[in-house]
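The listed protein sequences correspond, in order, to chains A and B.
The first sequence maps to residues -19 to 67 in the numbering used here.
The second sequence maps to residues 10 to 252 in the numbering used here.
Built from N, CA and C at the ideal position, the CB exists for glycine as well.
These figures come from a predicted structure and were not determined experimentally.
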Amino acid sequence: MEAFSPDFPILMKAVVTVMPKPAILDPAGVAAGRAMEHLGLKGVLSVRIGKSIEIEVDGASEAQLHEIAHDLLSNPVVEDYKLTILS
Amino acid sequence: MPKVTTVMRCAVIQFPGSNCDTDCQAALNSFPDVQAEIVWHKETSVAGYDLIVLPGGFSYGDYLRCGSIARFSPIMGAVRLAASAGVLVLGICNGFQILCEAGLLPGTLMRNRGLLFRCEHQHLSVEYTGTPFTSGLNKGQVLDIPIAHGEGSYFADKATLRELNANNQVLLRYADADGVTSDEANPNGSLENIAGICSHGRNVFGLMPHPERVCDALLGGTDGRAIFQSILDSISKTSAARV
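Right under this line is the structure:
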């Protein structure tokens, strides 16, 4: 299905969340998890560190943002991204 | 027939944040009949060069991911074009990361296992010599070349890894002084101790170690010269065949 992409300018706020793929070891997450245990937090099962990128654009389509999130903001070899349109 | 002396022209691409560019230039220019020049990343042509080097450093401050912004620099279109035409492309450290981000080499380089920035001498085992980058080396030869990186843990999915091995694209692996590629000799957690790989066409080579830093005995070693010598010999053979 084609993404909705109007041909007139439109203000958009979006958040792209980039996370390491589930199968990928995240050494920074593991280290942060150990620090949590060190601070007394019990039962730390998993810590994964990703990125959150807030974007404001004027006149871009959602499809374009997906393209940017896929090509620039994430590395599809090891990361997944989620694009959320806020407004 | 008169002897033709051809000067080999090498382009060392300088990105904002590159810091091994002049080292690479100096290492290349220490060989006879070589003219290495710095080429700013905003340029859009690398026509006429026999070798393109993407040097080490921290292009764009390693923001977002190492190499992720540099891969969109204007020069990269020209590098891609040259690579597809068979021109030799060498990516060292951050240059390797940029080549992976650009898709000119498969896989990616992730945060080191143990999170440490590893800056030390490292032994490497030469895995395959049928490429322009390793033709002057011997299979199983051990090189001593320093590493200096925080994101050098090579990763690729299983299918890619299988293909790399099947096509002899893994050229260097981290090893101990005897050439044994053990887990203890792996400084960063790279899959299968991979330190350097080449493209399917064998004309693009990326490696995390810094051969340009061991090209002068004064700097503590000369093992890097063998790699540059292989490259330059391959280039002169190709241009001799052309004449």
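Pull up the CB-CB distance for residue i and residue j, whole angstroms please, since I reckon it's below 8 Å.
i	j	result
B:P115	B:I156	No, B:P115 and B:I156 are not in contact; Cβ-Cβ is about 21 Å, not under 8 Å.
B:T53	B:I84	7 Å
B:C19	B:A45	4 Å
B:T117	B:F214	Actually they are not in contact, since the Cβ atoms of B:T117 and B:F214 sit about 16 Å apart, beyond 8 Å.
B:R80	B:I47	The pair is not a contact, with the Cβ atoms about 19 Å apart (cut-off 8 Å).
B:R89	A:N55	With 8 Å as the limit, B:R89 and A:N55 do not qualify as a contact, their Cβ atoms being about 18 Å apart.
A:L25	A:L45	Their Cβ separation, rounded to whole angstroms, is 33 Å, which puts A:L25 and A:L45 out of contact at 8 Å.
When you compare only the Cα positions, how much space is there between residue i and residue j?
i	j	result
B:P220	B:G104	13 Å
B:E110	B:E201	20 Å
A:L53	B:R211	29 Å
B:S199	A:A3	15 Å
B:R234	B:K246	18 Å
B:C207	B:R171	14 Å
B:W49	A:A43	33 Å
B:N176	A:G23	45 Å
B:S248	B:G229	33 Å
B:G159	B:H130	15 Å
B:V21	B:R222	15 Å
B:G149	B:V179	13 Å
A:I(-10)	B:Y137	54 Å
B:L113	B:I78	15 Å
B:A194	B:H209	27 Å
A:G9	B:F67	23 Å
A:S41	B:I244	47 Å
Just curious, the beta strand (DSSP E) that residue i is in, first and last residue?
i	result
A:M(-8)	-9 to 0
B:F164	162 to 164
A:L63	59 to 65
Do residue i and residue j have their C-beta atoms closer together than 8 Å?
i	j	result
B:G26	B:Y58	no
B:V62	B:L99	yes
B:L152	B:D32	no
B:L97	B:L60	yes
B:F24	B:S82	yes
B:V55	B:A91	yes
B:L216	B:A226	no
A:I65	A:M(-8)	yes
B:P64	B:I154	no
Could you pull the start and end residues of the alpha helix (DSSP H) that residue i belongs to?
i	result
B:G100	It is not in any alpha helix (DSSP H) - B:G100 instead sits in the beta strand (DSSP E) that spans 97 to 101.
B:I84	84 to 93
B:E52	Premise fails: B:E52 is in no alpha helix (DSSP H) and is neither H nor E.
A:G9	7 to 18
B:L170	167 to 175
B:Q34	30 to 38
Would the stretch 159 to 166 of chain B and the stretch 182 to 191 of chain B be scored as touching if the rule is three or more Cβ pairs under 8 Å?
In short, these stretches do not touch, since the Cβ pair count stays below three.
Report yes or no: do the stretch 33 to 43 of chain B and the stretch 39 to 59 of chain A share at least 3 C-beta pairs separated by less than 8 Å?
No: fewer than three Cβ pairs fall under 8 Å.
Should the stretch 231 to 242 of chain B be regarded as contacting the stretch 114 to 131 of chain B, the criterion being three or more beta carbon pairs within less than 8 Å?
By the C-beta criterion, the stretch 231 to 242 of chain B is judged not to be in contact with the stretch 114 to 131 of chain B, since fewer than 3 inter-stretch pairs fall below 8 Å.
So, do the stretch 29 to 44 of chain A and the stretch 132 to 146 of chain B have three or more beta carbon pairs nearer to each other than 8 Å?
Taking 8 Å as the limit for Cβ pairs, the verdict is that the stretch 132 to 146 of chain B does not touch the stretch 29 to 44 of chain A.
Can at least three beta-carbon pairs, one atom from the stretch -7 to 6 of chain A and one from the stretch 32 to 47 of chain A, be found at a separation below 8 Å?
The stretch -7 to 6 of chain A is in contact with the stretch 32 to 47 of chain A.
Please list the residues of the stretch 87 to 117 of chain B that have a C-beta atom closer than 9 Å to any C-beta atom in chain E, keeping them in chain order.
Looking at the structure shown, chain E is missing, and the protein chains on hand are A and B.
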